[in-house]
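Throughout the sequence shown, residue numbering follows the numbering used here, covering -9 to 205 in sequence. Where a beta carbon is used, it is the ideal one built from N, C-alpha and C, also for glycine. Please read these numbers as outputs of a predicted model, since none were measured by experiment. In what follows, a structure is listed as structure tokens, so that the remarks can point back to it.
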Amino acid sequence: MTIHLNSQTDLEEAIAALVVQDKRLKPILELTGMPALRQREPGFAGLAHIVCGQQLSIASAGAIWGRLIAAFDPFDPELIRKARAERLGRLGLSAAKIKTLKNIARELAAERLNLDVLAEENADAAHHTLTALPGIGPWTADVYLLFCLRHGDAWPAGDIAIQEAIKVGLGLKARPTAKEMAPLAEPWRPLRGAAAHLWWSYYRVLKKREGVLAK
């Protein structure tokens, strides 16, 4: 059964279980305190929001997203599918992001992609489904699964903040690569998403700054 982190209580119960599963996490939790659950809007809007923010500063991404949702109200995939690329470009979207959003909208319209079904799939299978879409990379897929679909086992292996936190917290000699992050997270299944929240909190303590998407 897929575990979801739909509330702060869900996260706290998951963290408590993780500390029992892996004693190495106890001093991390003692230092950070209980992490706060981060959530974003589900569905097409949530995925589009993350895509719009790829490789941009928080301020720039926020400005573009604000223009986009003001121009398309309600923010419906069919409206994006039919919108002229020139109009989307004037709102600040790059050609690559326009192509990505239009492709997602087409997949939804053709019912080849069902975001509700993804929420119930195994985290690795859901990750594969999303990364098979042009323009959706591993980080985007995992952050969407975790923040928007509240998937309890989503694991953002490519997130640099989590990599750095794990390096320090587990006493590794070097920051692990995305590939190396997979076996490191095996002890935390099926609650890798909760572990990600804990490691982001640890990164914030270490660096005195957020290592996760702003709300």
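CB contact flag (residue i, residue j, <8 Å)
{"i": "Phe34", "j": "Leu123", "result": "no"}
{"i": "Ala206", "j": "Leu8", "result": "Outside the shown range of the chain, which is -9 to 205, sits residue 206, and nothing can be said about it."}
{"i": "Ala144", "j": "Ala168", "result": "no"}
{"i": "Ile54", "j": "Gly82", "result": "yes"}
{"i": "Trp129", "j": "Gln11", "result": "no"}
{"i": "Leu78", "j": "Ile88", "result": "yes"}
{"i": "Leu1", "j": "Pro25", "result": "yes"}
{"i": "Leu21", "j": "Val195", "result": "yes"}
{"i": "Leu181", "j": "Ala4", "result": "yes"}
{"i": "Cys42", "j": "Leu27", "result": "no"}
{"i": "Leu14", "j": "Leu160", "result": "According to the sequence provided, residue 14 is Arg. The question's Leu does not apply to it. Taking 8 Å as the Cβ cut-off, Arg14 and Leu160 qualify as a contacting pair."}
{"i": "Leu136", "j": "Leu19", "result": "no"}
{"i": "Ala155", "j": "Tyr192", "result": "yes"}
{"i": "Pro67", "j": "Leu139", "result": "no"}
{"i": "Ala175", "j": "His141", "result": "no"}
{"i": "Gly52", "j": "Ala86", "result": "no"}
{"i": "Arg71", "j": "Arg96", "result": "yes"}
Residues bridged to residue i (per DSSP)
{"i": "His(-6)", "result": "His141"}
For residue i, the three-state DSSP class (helix, strand or coil)
{"i": "Ala113", "result": "helix"}
{"i": "Thr121", "result": "helix"}
{"i": "Phe34", "result": "helix"}
{"i": "Ser191", "result": "helix"}
{"i": "Lys163", "result": "coil"}
{"i": "Met171", "result": "helix"}
{"i": "Leu103", "result": "coil"}
{"i": "Lys198", "result": "coil"}
{"i": "Asp132", "result": "helix"}
{"i": "Arg80", "result": "helix"}
{"i": "Ala204", "result": "Interpretation of Ala204 is limited by its pLDDT of 46, a score under 50 that renders its predicted location unreliable; the figure taken from the coordinates is listed afterwards. Coil at Ala204, not helix or strand."}
{"i": "Gln11", "result": "helix"}
{"i": "Gln153", "result": "helix"}
{"i": "Leu19", "result": "helix"}
Buried or exposed (CB count within 10 angstroms, at least 16 for buried), residue i
{"i": "His118", "result": "exposed"}
{"i": "Thr90", "result": "buried"}
{"i": "Asp63", "result": "exposed"}
{"i": "Pro173", "result": "exposed"}
{"i": "Met171", "result": "buried"}
{"i": "Leu69", "result": "exposed"}
{"i": "Asp114", "result": "exposed"}
{"i": "Gln153", "result": "buried"}
{"i": "Arg30", "result": "buried"}
{"i": "Leu103", "result": "buried"}
{"i": "Leu37", "result": "buried"}
{"i": "Leu120", "result": "buried"}
{"i": "Val107", "result": "exposed"}
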